[in-house]
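As structure tokens, the structure follows; a few thoughts come after it.
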Amino acid sequence: MASTVKRRPTSDSSPAEAILSGSQRLRLLVGKVGLDGHDRGAKIIARALRDAGFEVIYTGLHQTPEMVVATAIQEDVDAVSLSILSGAHNTLFPRVIDLLKKAGAPVPVFGGGIIPEEDIPRLKKAGVRAVFTPGATTQEVIDWVRGNIRPRGREGVTSSRPRRAAANRSARSGGSRARR
Amino acid sequence: MKREGTGVLTRRRHRGDWEEEILKPQLRKSPERAREFTTLSGVPVPRLATPEDLEGWEPEEKLGFPGQYPFTRGPHPTMYRGKLWTMRQFSGFGTAVDTNKRYRYLLSHGQTGLSVAFDMPTLMGLDSDDPRSEGEVGREGVAIDTLADMETLFHAIPLGEVSTSMTINAPAAVLLAMYLAVARKQGVDWSNVRGTIQNDILKEYIAQKEWIYPPRPSLRIIVDMIAFCARQVPQWNTVSISGYHIREAGSTAAQELAFTLADGVGYVQACVEAGLAVDEFAPRLSFFFNAHSDFFEEIAKFRAARRIWAKIMRERFHAREPRSWMLRTHAQTAGCSLTAQQPHNNIVRVALQALSAVLGGTQSLHTNSMDETLGLPTEKAVTIALRTQQILAEESGVASTIDPLAGSYFLESLTDTLEREALDLMGSIDRMGGIVQAIEQGFPQREIAEASFRYQQQLERGEKVMVGVNRYREGEDSPIDVLKIPPTVESTQIRRLKRIRKERDAAVVRKTLDELLACAQAGQNLMPAMVRAVEAYASVGEICGALKAPFGEYREAKTYF
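Each protein sequence line maps, in turn, to chains H and Z.
Counted the way our numbering counts, the first sequence spans residues 1 to 180.
Counted the way our numbering counts, the second sequence spans residues 1 to 561.
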């Protein structure tokens with residue numbers, strides 16, 4: 001829950017240095033929200049981000065916005081990326097952003113899928129930081145994350161981050177993870 | 001007369017001479033475009049296929065004749081000379097009223113069969129007013145909640161005269177029950193009802209991921225449907241065993257073949273274990289393959305599929321009826337090959353893919369519309385896609401002779417290669433105890449994720465090409481029209497559902513749902529009770545929801561690697 005997450009301002013080492021030294025790896029949530037089961041893109045992105053050195057938490061399929069937000073908070077992620085191919089992006093993206101705000105965790109949200117060009121300005125206005133459409137490469141996504149996502153500031157920035165015990169994660173919202 | 005071996009030796013010598021005297025100097029002068037050529041799926045492609053690639057290859061054993069075991073050349077004796085493939089464009093969007101209009105438009109333009117696309121909530125067995133359906137109603141297909149929607153969907157379309165394909169899996173039994181109820185209301189005898197329901201839950205766990213119950217109870221429902229149709233709806237194709245989605249999820253051609261045919265084995269096995277005689281139901285199993293971009297690989301895949309299935313049905317399941325050995329298939333061009341960039345190029349891709357399906361001997365075909373990576377297709381785009389099939393069928397001449405590429409050194413050796421690779425994978429699945437166990441262990445899922453990641457990397461390194469995406473890019477894409485689903489669809493559909501709920505007899509709904517549950521628990525065939533429940537206007541969500549009590553819900557492991 002949001003209230004249990006303690007945050008302190010980032011310490012003096014810059015985020016870039018921390019990333020380069022490997023002391024603070026970005027934590028990213030890859031979420032598959034809505035009813036569509038097309039997880040090819042989400043899985044490729046999750047794996048490419050992991051291979052690029054980020055820590056990735058994948059929600060699995062058929063998540064509601066509430067479930068994604070609960071996982072994002074519980075896993076204390078630095079950004080949420082959503083994959084939507086069902087045409088419900090205009091409903092689901094703003095919902096996730098809204099719920100994150102209400103929970104006091106305005107984590108940046110980006111995503112991709114089959115999203116018509118003309119819907120993108122509206123999604124950006126709703127707070128979606130970047131929208132990747134078919135044909136985008138995993139490298140473009142990785143570069144964008146490197147250029148735009150910063151660690152949100154946690155305890156022990158220069159040492160490895162304290163983790164809550166796995167038992168604290170509910171089975172419902174906990175995602176799979178892999179570290180490099 | 002020469003001894004048999006002499007010809008081979010002579011050929012080898014000639015080839016050796018050619019390589020030394022003609023090929024090598026040329027290669028020294030200008031090397032080939034790549035060091036290695038492979039198919040889209042990574043199968044090595046030889047520079048030149050020769051008779052040596054077919055040593056020991058017997059046409060009688062490998063090909064037979066059309067309509068004859070092992071059906072490599074096609075399931076029917078006259079193929080497209082007798083009857084062209086069925087041109088079946090998949091469509092559905094918005095409310096049943098919108099889709100009904102599109103169907104009548106397509107039928108009036110020469111389409112010969114209907115194919116229903118349902119929206120996401122329907123595919124997941126949810127009603128339009130379920131909170132999880134928000135934003136998804138009528139978006140990717142038509143929203144169906146109760147029999148009232150189905151009546152509207154087929155309004156003024158005589159079900160005794162058209163054949164209908166319904167792409168639905170987890171809640172398939174409910175939708176079949178609704179279709180039969182509409183037929184009854186139209187006064188059409190069930191023995192005259194023709195069509196196909198996808199009903200292939202195994203590939204849902206593998207690839208498309210729209211499920212409700214775990215694999216074992218899901219298989220039981222399917223066995224019930226197969227048994228019911230064998231007796232009461234004899235012209236209905238009960239399962240369309242689908243490789244399409246497996247391929248779209250990123251599999252190779254051989255994986256598509258192997259996992260699809262292994263799913264088929266799973267259904268046959270389940271029915272046999274339930275006490276059905278194989279020849280009673282096997283002729284009504286049909287298939288559905290992808291027609292992807294590697295032209296020869298796809299043709300080879302269709303031909304290999306027929307040969308493998310014929311052998312499995314005859315030798316493993318001891319089917320006696322030739323119709324049980326025969327693999328009949330639908331094909332759809334590859335959605336994942338279409339590009340949002342320079343979308344008009346998609347027309348050309350679709351034409352080539354459609355040609356491969358036709359040369360592969362498909363029984364029916366859906367050609368994708370050029371705008372499908374942007375959204376649902378517009379009427380104009382759908383018409384071009386349909387015209388593409390008509391041009392192939394009636395202008396190009398390819399439908400005039402049967403299996404015209406048979407005997408090609410390259411195509412026949414590629415057919416053999418795909419057959420061998422698929423059989424290897426199927427052997428692994430058998431060793432795991434069958435497809436259900438393989439799915440439970442995540443084997444096909446992992447294999448596909450691996451292949452799709454590999455392909456993505458090849459694209460990003462430029463080793464595989466998508467024109468307009470990683471080569472020949474343009475700054476600006478010429479915009480094309482996209483079909484808009486008005487936001488009012490959802491509220492209209494929800495109002496309609498609420499009205500039905502108010503008008504129907506709640507006590508009858510309750511009673512029929514209780515009877516259905518009793519059948520589920522007693523292990524009786526679910527279908528008669530299912531038909532009674534839909535006739536009482538019980539909704540898709542109510543029926544699927546009720547059956548979660550005895551059957552449970554499926555949850556997938558949340559892995560991406």
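Ideal Cβ positions, reconstructed from N, Cα and C, are used throughout, including at glycine.
Predicted, not measured: the structure shown is a model, and the values here were computed from it.
With DSSP run on the structure shown, which of helix, strand or coil describes residue i?
i             : result
residue 55/H  : strand
residue 457/Z : helix
residue 7/Z   : helix
residue 29/H  : strand
residue 480/Z : coil
residue 144/H : helix
residue 429/Z : helix
residue 466/Z : coil
residue 137/H : coil
residue 44/Z  : strand
residue 241/Z : strand
residue 74/H  : helix
residue 232/Z : helix
residue 28/Z  : helix
residue 38/Z  : strand
residue 499/Z : helix
residue 137/Z : coil
residue 63/H  : strand
Please report how far the alpha carbon of residue i lies from the alpha carbon of residue j, in whole angstroms.
i             : j             : result
residue 138/Z : residue 482/Z : 16 Å
residue 550/Z : residue 171/Z : 15 Å
residue 448/Z : residue 430/Z : 18 Å
residue 421/Z : residue 208/Z : 23 Å
residue 468/Z : residue 131/H : 19 Å
residue 454/Z : residue 66/H  : 33 Å
residue 264/Z : residue 61/Z  : 23 Å
residue 531/Z : residue 177/Z : 5 Å
residue 135/Z : residue 519/Z : 35 Å
residue 45/H  : residue 459/Z : 14 Å
residue 337/Z : residue 303/Z : 22 Å
residue 38/H  : residue 71/Z  : 34 Å
residue 285/Z : residue 238/Z : 6 Å
residue 503/Z : residue 258/Z : 49 Å
residue 38/Z  : residue 427/Z : 24 Å
residue 105/H : residue 93/H  : 15 Å
residue 135/H : residue 78/H  : 25 Å
residue 373/Z : residue 57/Z  : 42 Å
residue 546/Z : residue 169/Z : 17 Å
residue 41/H  : residue 295/Z : 25 Å
residue 355/Z : residue 392/Z : 7 Å
residue 10/Z  : residue 297/Z : 30 Å
residue 232/Z : residue 192/Z : 10 Å
Where does the unbroken beta strand (DSSP E) through residue i begin, and where does it stop?
i             : result
residue 332/Z : 329-333
residue 130/H : 128-132
residue 84/H  : 79-84
residue 116/Z : 114-117
residue 288/Z : 285-291
residue 317/Z : No beta strand (DSSP E) holds residue 317/Z; DSSP gives it neither H nor E.
residue 109/H : 109-113
I believe residue i touches residue j by the beta-carbon criterion, under 8 Å. Please report the beta-carbon distance rounded to the nearest angstrom.
i             : j             : result
residue 198/Z : residue 133/Z : The pair is not a contact, with the Cβ atoms about 21 Å apart (cut-off 8 Å).
residue 362/Z : residue 18/Z  : Their Cβ separation, rounded to whole angstroms, is 37 Å, which puts residue 362/Z and residue 18/Z out of contact at 8 Å.
residue 246/Z : residue 206/Z : 6 Å
residue 343/Z : residue 326/Z : That pair is no contact at about 38 Å.
residue 73/H  : residue 27/H  : Contact flag wrong, Cβ pair sits at about 12 Å.
residue 388/Z : residue 350/Z : 6 Å
residue 67/Z  : residue 75/Z  : 7 Å
residue 353/Z : residue 400/Z : The Cβ separation is near 21 Å, so there is no contact.
residue 322/Z : residue 105/Z : Going by Cβ atoms, the distance from residue 322/Z to residue 105/Z rounds to 39 Å, so no, they are not a contact pair.
residue 113/Z : residue 364/Z : 7 Å
For the alpha helix (DSSP H) containing residue i, list its first residue and its last residue.
i             : result
residue 299/Z : 295-311
residue 93/H  : 89-102
residue 259/Z : 253-273
residue 281/Z : 278-281
Those runs of the alpha helix (DSSP H) which lie wholly inside the segment 161-218 of chain Z and span at least 4 residues: 172-185
Where in the segment 354-421 of chain Z do unbroken runs of the alpha helix (DSSP H), each at least 4 residues long, occur, reported from the N-terminal end onward? 379-394
Let me know the alpha helix (DSSP H) ranges lying completely inside the segment 47-108 of chain Z, each 4 residues or longer, listed in chain order. 59-62, 79-82 and 96-108
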